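>
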Amino acid sequence: MPRKSSVLGAAALALFGYALYSSDIGVIQSSNLRTTANNEGPPRMTTPLEEEEEYDLTKRIEYHQPFLKGEVVLSGDERKPNKDIQYAAFGSSHTWGARLDQRETETYIKQLAKPYYDNGINHGIRSSGPNYPANCLYSLIGNEHFDVIILQFYMQVEDGLELLARRLRQRFPDAIMVFVHHWFPGEIVNEKGQSVDEYRTEKGFEWDYMHNQEFHSLINSGEHTWTKRVGYETKKNEMCKRIAKDVNGYIVKLPFGKQAHGQNGWLNYGHQLLNDDSFHPSVEGHTFIANQVREIVDRVGVTKHPRVEPFAQLDQCYNWLMDGILDTPNVKYSDNFQMMKMPNTQKYTLELTDSSQESWMEITNPSNEVMDVYIGTMTTSPERKYPTVEATLSNGNKYTIDPMPDNTWGGKHVHITKMTQIGIMQPQESIKISIKVMEESEWPFRFTSIMITPRNENSKEVLHDGGAPISLS
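If you're matching positions, the sequence shown starts at 1 in the UniProt record's numbering and goes up one per residue.
1. Does the beta-carbon distance from Asp276 to Arg126 come in below 9 Å?
2. For Leu274, which option in Thr95, Ala244, Pro115 has the closest C-alpha, if you only look at C-alpha atoms?
3. Kindly indicate the opening and closing residues of the beta strand (DSSP E) around Ile251.
4. My parser needs the alpha helix (DSSP H) runs of 4 or more residues fully inside the segment 245-310; what are they?
5. The beta strand (DSSP E) with Arg229 in it runs from where to where?
6. If contact is defined by three or more beta carbon pairs under 8 Å, each pair taking one atom from either stretch, is the segment 106-118 in contact with the segment 289-299?
7. Using the Cα positions of Gln194 and Thr417, report the straight-line distance between them to the nearest angstrom.
8. Contact check, Thr364 vs Ile401 under 8 Å by CB: the rounded distance?
9. Would you tell me roughly how many angstroms separate the C-alpha atoms of Ser394 and Lys332, rounded to the nearest one?
10. Does DSSP classify Asn319 as helix, strand or coil?
11. Would you say residue 507 and Val157 are within 9 Å of each other, going by their C-beta atoms?
12. Have a look at Ile150, Arg446, Leu350, Pro427 and flag the residue whose alpha-carbon is nearest the alpha-carbon of Val247.
13. Use the C-beta contact count for Ser23: other C-beta atoms within 10 angstroms, 16 or more gives buried, fewer gives exposed.
14. Cutting at 7 Å between CB atoms, please list the residues of its own chain near Met404, excluding the five before and the five after it.
15. The alpha helix (DSSP H) with Tyr333 in it runs from where to where?
16. So the alpha helix (DSSP H) Asp197 belongs to, where does it begin and stop?
17. Give me, in chain order, the residues of the same chain whose beta-carbon lies closer than 7 Å to that of Gly120; leave out the 5 immediate sequence neighbours on both sides.
18. Taking Cβ to Cβ, would you say Glu369 is nearer than 9 Å to Arg307?
19. Kindly give me the distance between the Cβ atoms of Thr353 and Pro444, rounded to whole angstroms, as I take these residues to be in contact under 8 Å.
20. When DSSP labels each residue in this structure, what does Ile61 get in the three-state scheme?
21. Of all the CB atoms in chain C, is at least one closer than 9 Å to the CB of Arg294?
22. If I measure Cβ to Cβ from Ala134 and keep anything under 6 Å in the same chain, skipping five residues before and after, which residues do I get?
23. Have a look at Pro255 and Gln316 and give me their C-alpha separation to the nearest angstrom.
24. Is it buried or exposed, Asn39, if we count other Cβ atoms within 10 angstroms and call 16 or more buried?
25. Measuring CB to CB, does Tyr348 end up less than 9 Å from Met322?
26. Label Thr448 either buried or exposed according to how many other C-beta atoms from any shown protein chain fall within 10 Å of its C-beta, with 16 as the threshold for buried.
27. Given this structure, state the Cα-to-Cα distance separating His286 from Lys236, to the nearest angstrom.
28. Drop a sphere of 10 angstroms on the beta-carbon of Ile176, count the other beta-carbons inside from all chains shown, and report buried for 16 or more, exposed for fewer.
29. Would DSSP call Tyr138 helix, strand or coil?
30. Quick one: grab the DSSP three-state call for Gly120.
31. Within 10 angstroms of the Cβ of Ile431, are there 16 or more other Cβ atoms? Answer buried if so, exposed if not.
32. For His181 and Asp335, what's the separation of their Cα atoms in angstroms?
33. Report the option in Trp360, Ile422, Gln421, His271 whose CA atom is closest to the CA atom of Val437.
34. To the nearest angstrom, how far is the alpha carbon of Thr388 from that of Glu440?
35. Pull up the DSSP beta-bridge partners for Val178, would you.
36. Classify Asn143 as buried or exposed, calling it buried when 16 or more other Cβ atoms lie within 10 Å of its own Cβ.
Here's what the structure looks like:
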């Protein structure tokens with residue numbers, strides 16, 4: 001059976017930001033912890049936290065906050081039956097369901113659709129920020145229709161969330177749109193500026209530290225004062241509120257306690273709502289999000305006859321990282337670029353096998369619009385494994401492709417794609433990109449993706465790395 005083309009349709013497997021855990025870099029593993037079969041995340045803990053008072057999160061505060069320009073609550077006759085409501089979630093590995101045993105039933109989007117699980121479409125992408133769905137929405141969702149849309153990109157709110165929200169609202173003017181605020185221990189620092197995650201590493205605790213009674217006791221001993229980073233949340237909150245208001249959306253939040261101790265402290269919330277990696281949501285965390293969204297849907301209702309508008313602009317996005325397929329007349333390349341599986345992974349790239357020969361790629365804009373063009377390449381940090389490359393366009397413009405990601409990820413080892421804008425393309429135009437390797441390197445230059453997207457006039461929304469990687473070591 002022939003494999004499908006890698007032009008992105010409804011399949012969310014086409015990742016424009018993907019960090020590799022089991023990769024050329026290798027994996028740091030603890031000898032006393034078991035790991036997942038495919039090494040796609042930090043080790044799982046083997047024993048649960050004991051002797052910790054459980055807080056009943058069903059007795060919760062109302063965390064959802066409407067920012068609507070005139071909220072409309074539908075009557076019973078105007079509402080679509082629950083079995084017909086179509087849900088969609090866009091987010092990172094948190095939405096995708098990292099660390100869950102049963103993603104098809106335990107993620108918040110599937111819990112919302114239960115028992116009609118097929119009505120919950122999970123467009124969460126591991127290691128991805130909002131830039132990918134924002135710029136490739138048409139390629140991603142095609143003709144899918146949604147009544148309720150959840151956006152989980154709080155940590156990457158500056159990297160394309162506004163564009164994504166606007167494009168979704170233009171397409172689905174009657175949909176309920178909900179933004180999810182989540183938190184992770186890396187936001188919490190002591191008076192020295194040391195994060196909780198850095199502190200637990202210093203003290204010798206593993207990934208499961210939020211579920212470790214000894215770690216709780218250490219934090220509660222009072223050796224340090226712990227607070228969220230100054231200004232960190234304020235900026236993100238203000239931006240998310242502005243975006244939510246602009247598209248008539250809601251915000252829901254995972255609870256966070258200002259103090260560490262007690263049933264309403266962040267240690268206990270983290271223990272109950274975060275998974276065994278102390279980062280991704282647990283089943284209970286997903287349930288909490290689902291319940292908050294469900295309260296909104298049950299209260300305001302979904303219209304029986306929602307409008308679905310034509311896409312204002314169409315994108316063309318190509319990615320071969322997951323399937324090794326690049327089957328389109330709009331992309332051509334020299335013979336010394338070969339589609340190859342990266343060592344110790346199940347991921348594919350166009351690898352430059354011989355940099356001494358002429359190396360090039362030609363891209364065609366098939367649309368009738370002026371479009372932005374981005375290329376995706378592999379990078380590493382903190383080690384410098386890939387070469388610096390000079391890309392010269394057929395119009396004479398030159399760009400330097402840096403082999404290091406924009407985000408250093410706190411010094412952790414990361415292998416991730418990086419998007420670089422190489423200019424704009426006129427309608428039906430073709431450009432040739434000549435590649436010149438500027439230095440020797442341990443690993444060869446690798447292409448992962450091409451994005452031909454509607455022009456984004458907001459200079460503050462640019463593509464950086466692929467998102468928040470789950471593959472840190």
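Just so you know, even glycine gets a beta-carbon here, dropped at the ideal spot from N, CA and C. In this text, all values refer to a predicted model and were calculated from it rather than measured experimentally.
In this structure, then:
1. Cβ distance not < 9 Å, so Asp276 and Arg126 don't count as in contact.
2. Of the candidates Thr95, Ala244, Pro115, the one whose C-alpha sits nearest the C-alpha of Leu274 is Thr95.
3. That run of the beta strand (DSSP E) goes 249-253.
4. Whole alpha helix (DSSP H) segments, 4+ residues: 266-273, 283-300.
5. From DSSP, Arg229 is part of no beta strand (DSSP E); its letter is neither H nor E.
6. Taking 8 Å as the limit for Cβ pairs, the verdict is that the segment 106-118 does touch the segment 289-299.
7. For the pair Gln194 and Thr417, the Cα-to-Cα distance works out to about 28 Å.
8. Not a contact, Cβ separation roughly 21 Å.
9. Rounded to the nearest whole angstrom, the CA to CA distance from Ser394 to Lys332 is 14 Å.
10. Note: Asn319 maps to strand in three-state DSSP.
11. The requested residue 507 does not occur in the structure, where the chain is confined to residues 1 to 473.
12. Comparing Cα positions, the closest option is Ile150.
13. Caution applies to Ser23, whose pLDDT of 28 falls short of 50 and renders its modelled position unreliable; the model cannot decide the point.
14. Counting only Cβ-Cβ distances below 7 Å, and skipping sequence neighbours, we find Thr379, Ser381, Arg384.
15. Element bounds for Tyr333: not the alpha helix (DSSP H) but the beta strand (DSSP E), 331-333.
16. Its alpha helix (DSSP H) spans residues 196-202.
17. Residues Tyr87, Ile109, Lys110, Leu112, Ala113 of the same chain have their beta carbon placed closer than 7 Å to that of Gly120, with the five preceding and five following residues left out of the count.
18. Their beta carbons are not under 9 Å apart, which means Glu369 does not touch Arg307 by this criterion.
19. About 7 Å; that satisfies the 8 Å criterion.
20. Legend: pLDDT at Ile61 = 42, less than 50; position of this residue unreliable, value from coordinates given subsequently. Ile61 falls in the coil class under three-state DSSP.
21. Included in the structure is just one protein chain, with no chain C present.
22. Taking Ala134 as the centre and dropping the five residues before and after it, the same chain places the C-beta of Gly160, Leu163, Leu164 closer than 6 Å to its C-beta, in chain order.
23. About 39 Å.
24. The predicted position of Asn39 is uncertain, since its pLDDT is 33 and thus under 50; no value can be drawn from it.
25. It is a contact, given that the beta carbons lie within the stated cut-off.
26. Buried is the call here.
27. Approximately 22 Å, taken between the alpha carbons.
28. Buried is the call here.
29. In this structure, Tyr138 counts as helix in the three-state DSSP scheme.
30. DSSP places Gly120 in strand when its eight states are reduced to three.
31. By the Cβ neighbour-count rule, Ile431 is buried, with 16 or more other Cβ atoms within 10 Å of its own.
32. Take the alpha-carbon of His181 and the one of Asp335: they are about 47 Å apart.
33. Comparing alpha carbon positions, the residue from Trp360, Ile422, Gln421, His271 closest to Val437 is Trp360.
34. So the two alpha carbons sit approximately 9 Å from each other.
35. In the DSSP output, where bridge partners are listed per residue, Val178 has Ile150, Tyr250.
36. By the neighbour-count rule (16 or more Cβ atoms within 10 Å), Asn143 is not buried but exposed.
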